[in-house]
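**Q** What follows is a single structure, and I will ask about it in a moment.
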Amino acid sequence: MSERSIFRFLFRVAARAPHLDRRTVLDRIVTGIANHYDALTCRLWTVNGSSPLAAADEDESLELLDPISRSRLREMEELLVGTALERGAYASALDLDVDGELTDFLHDVVEVHEVFAFPITADGRTFGAIVLYLPLASPPLAEADQQALMAVGELVRLAAHDRRPERAHV
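Have a look at this one:
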């Protein structure tokens, strides 16, 4: 997809958001972002959340990791989200890697090139982060991509303020 298509995708979801329940909007956001960047997974965290509010991990590859690797990945992701929220700017897992061990873990065990957390804001307030796991062969993110990922906040805010009951998933 081109840079413009991520904005087009977000615009389409925003246009449909008033007609959809919260869960559907959030699922479409993370799934669309994951698909756009061919990401292994995309997760949406909120400031007060102890787990992701929404996640796209279609092949469930992260869930197939051994428990120790999943725990390590979870700790890394929480630290990454905290760093992005504290900075008010994106954070990279490679920024957290002081001795190369995390890079080796991500490449060899998780099979990703990089993990980013992008803070999301709405109404001038940071309230969460998008976490994106990029595969080994992925190109670097352009400035426009970073802006698009941080612009997701207004769309998430729309979904969060939805008062309609969520549809049951069977």
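Using the working numbering, read the sequence shown as starting at 789 and increasing by one per residue.
Backbone N, C-alpha and C define an ideal beta-carbon position, used for all residues, glycine too.
1. Can you tell me whether A803 is helix, strand or coil according to DSSP?
2. Identify, in the order they occur along the chain, each residue of the same chain with its Cβ nearer than 6 Å to the Cβ of H807, setting aside the five sequence neighbours on each side.
3. Kindly confirm or deny that the region 876-894 and the region 861-868 touch, where touching means at least three C-beta pairs closer than 8 Å.
4. Could you give the DSSP three-state label for E848: helix, strand or coil?
5. Count the other C-beta atoms from every protein chain shown that fall within 10 angstroms of the C-beta of P840, then say buried if there are 16 or more, exposed otherwise.
6. Measuring alpha carbon to alpha carbon, tell me which residue in G820, G916 and V944 is nearest A879.
7. Pick out the complete beta strand (DSSP E) segments inside the region 900-953, 3 residues or longer, and give them in chain order.
8. Any idea which residues DSSP pairs A879 with across the strands?
9. Enumerate in chain order the residues of its own chain whose CB-to-CB distance from F797 is below 6 Å, with the five nearest sequence positions on each side excluded.
10. Taking the straight line between their C-alpha atoms, what separation do you get for Y921 and A939?
11. Between the C-alpha atoms of V813 and Q935, what's the straight-line distance to the nearest angstrom?
12. Which residue from D854, D911 and V818 puts its Cα closest to that of D842?
13. Is it true that the CB of E899 sits closer than 8 Å to the CB of L924?
14. Helix, strand or coil for A843? Go by DSSP, reduced to three states.
15. Could you spell out where the alpha helix (DSSP H) holding L814 opens and where it closes?
16. In whole angstroms, what is the alpha-carbon distance linking D854 and V897?
17. Is the beta carbon of A872 closer than 8 Å to that of A844?
18. Alpha carbon to alpha carbon, how far is T834 from D826?
**A** Quick answer:
1. Residue numbering aside, residue 803 sits at position 15 when the sequence shown is read from its first letter. Of the three classes helix, strand and coil, the one that applies to A803 here is helix, per DSSP.
2. Residue mapping note: residue 807 aligns to position 19 of the sequence shown, counting from 1. Excluding residues within five positions, none has a Cβ falling inside 6 Å.
3. yes
4. Reading the sequence shown from its first residue, position 60 is the one you call residue 848. Three-state result, E848: coil.
5. The sequence position of residue 840 within the sequence shown is 52, counting from 1. When all chains shown are included, P840 counts as buried.
6. Here the question's residue 879 lines up with position 91 in the sequence shown. Answer by Cα proximity: G916.
7. 900-910 and 913-923
8. Counted from its first residue, the sequence shown places residue 879 at position 91. Partner(s): A905.
9. Taking the sequence shown and counting its residues from 1, the one referred to as residue 797 is at position 9. Excluding sequence neighbours, F797 sits near G820.
10. Here residue 921 refers to the residue found at position 133 of the sequence shown. Here residue 939 refers to the residue found at position 151 of the sequence shown. If I take the Cα positions, the gap works out to 18 Å.
11. In the sequence shown, counting from the first residue as 1, residue 813 sits at position 25. In the sequence shown, counting from the first residue as 1, residue 935 sits at position 147. Those two C-alpha atoms are separated by around 20 Å.
12. Against the sequence shown, residue 842 aligns to sequence position 54. For the record, residue 842 in the displayed sequence is Ala; it is not Asp. Residue V818 is the option with its Cα nearest to A842.
13. Taking the sequence shown and counting its residues from 1, one reaches residue 924 at position 136. Taking the sequence shown and counting its residues from 1, one reaches residue 899 at position 111. Taking 8 Å as the Cβ cut-off, L924 and E899 qualify as a contacting pair.
14. The residue you call residue 843 lines up with position 55 of the sequence shown. Strand.
15. Along the sequence shown, one-based indexing puts residue 814 at 26. Looking at the DSSP string, the run of the alpha helix (DSSP H) that includes L814 is R810 to H824.
16. Locating residue 854 in the sequence shown gives position 66, counting from the first residue. Locating residue 897 in the sequence shown gives position 109, counting from the first residue. D854 and V897: Cα-Cα distance of roughly 10 Å.
17. Against the sequence shown, residue 844 aligns to sequence position 56. Against the sequence shown, residue 872 aligns to sequence position 84. Contact: no.
18. Counting from 1 along the sequence shown, the entry for residue 834 is found at position 46. Counting from 1 along the sequence shown, the entry for residue 826 is found at position 38. When rounded, the distance between both Cα atoms is 23 Å.
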